[in-house]
Amino acid sequence: GEDVEQSLFLSVREGDSSVINCTYTDSSSTYLYWYKQEPGAGLQLLTYIFSNMDMKQDQRLTVLLNKKDKHLSLRIADTQTGDSAIYFCAESNTNAGKSTFGDGTTLTVKP
Amino acid sequence: GAVVSQHPSRVICKSGTSVKIECRSLDFQATTMFWYRQFPKKSLMLMATSNEGSKATYEQGVEKDKFLINHASLTLSTLTVTSAHPEDSSFYICSARPDSEKLFFGSGTQLSVL
Numbered sequence: 041g042e043d044v045e046q047s048l049f050l051s052v053r054e055g056d057s058s059v060i061n062c063t064y065t066d067s068s069s070t071y072l073y074w075y076k077q078e079p080g081a082g083l084q085l086l087t088y089i090f091s092n093m094d095m096k097q098d099q100r101l102t103v104l105l106n107k108k109d110k111h112l113s114l115r116i117a118d119t120q121t122g123d124s125a126i127y128f129c130a131e132s133n134t135n136a137g138k139s140t141f142g143d144g145t146t147l148t149v150k151p
Numbered sequence: 004g005a006v007v008s009q010h011p012s013r014v015i016c017k018s019g020t021s022v023k024i025e026c027r028s029l030d031f032q033a034t035t036m037f038w039y040r041q042f043p044k045k046s047l048m049l050m051a052t053s054n055e056g057s058k059a060t061y062e063q064g065v066e067k068d069k070f071l072i073n074h075a076s077l078t079l080s081t082l083t084v085t086s087a088h089p090e091d092s093s094f095y096i097c098s099a100r101p102d103s104e105k106l107f108f109g110s111g112t113q114l115s116v117l
């Protein structure tokens, strides 16, 4: 079945850029997502990218998609302590409908 | 944009009781909705696919009689955790999508079974 993998932990200093990487296996993925989950809270959709795009930028967030390598990344510029959270990569296929999530990357931002 | 509403956001219940969680698509019709479960510090695992007007499709290892899903209308799916036990304590999230569009997620329900 479909699989989404991402590294489990990332630690950066405040003000640096953070890059969270994700790989997926479903070549028919239509949408790819990045979600943020703060402790005790639900999922917050940060951004998403349609599979025919290479890049999407939204303020401090930049998403890069390499469809050939099935690699997705999320770059957070000028990382702040409030960015500390778990970040989930996910993919969905509009035909199948359901989405598959990675295990989440815990981002720790040190002052 | 499309909105998926999930209720309640948090519920505490006694062991042996049943708990119902609602998932509503507020401004679109969803013939299919999805239910996920998240264990502490773990990713979300798909539990079942809820199909309007027909039986839900459960993922392997998910007890159908334990987690009852009803999708009686195009805007509402419910998940009932029957005879809840402490091991059922978890974060439950639903999702839905307008046709051929990206998924939208509810805000989740934190279930705590005492």
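Residue numbers (the numbering used here), protein chains in the order written: chain F, 41 to 151; chain V, 4 to 117. Quick reminder that beta carbons are idealized off the backbone N, C-alpha and C, glycines included.
Within 8 Å of any Cβ in chain V, is that where the Cβ of SER68 (chain F) sits?
no
Of the choices F:SER58, F:GLY122 and F:THR70, whose alpha-carbon is the least far from that of SER113 (chain F)?
F:SER58
Taking the straight line between their C-alpha atoms, what separation do you get for PHE118 (chain V) and PRO151 (chain F)?
Since the first residue of chain V shown is 4 and the last is 117, residue 118 (chain V) is not available in this structure.
Pull up the DSSP beta-bridge partners for VAL73 (chain V), would you.
Checking the displayed sequence, the identity of residue 73 (chain V) turns out to be Asn instead of Val. Beta-bridge pairing links ASN73 (chain V) to V:THR81.
For ASN73 (chain V), collect the residues of the same chain with a Cβ closer than 6 Å to its Cβ; drop the 5 residues on either side in sequence, then sort them by chain order.
THR81
Sub-8 Å separation of PHE70 (chain V) and THR52 (chain V) beta-carbons:
no
At a Cβ cut of 9 Å, what residues of the segment 38 to 58 of chain V count as close to chain F, listed as they run along the chain?
TYR39, GLN41, LYS44, LYS45, SER46, LEU47, MET48, LEU49 and THR52
Let me see if you follow: with CB-CB separation under 8 Å, is PHE128 (chain F) close to chain V or not?
yes
Same chain, Cβ closer than 7 Å to VAL116 (chain V), five either side skipped, listed in chain order:
CYS16, SER18, ALA87, HIS88, PRO89, ASP91 and SER92
Going by DSSP, what residues sit across from THR87 (chain F) in a beta bridge?
F:TRP74
Kindly list, in the order they appear in chain V, the residues whose Cβ is closer than 7 Å to that of LYS138 (chain F).
PHE37, LEU49 and THR52
Determine whether the beta carbon atoms of VAL6 (chain V) and LEU29 (chain V) lie at a separation below 8 Å.
yes
Could you tell me whether the Cβ atoms of SER91 (chain F) and THR70 (chain F) are closer together than 8 Å?
yes
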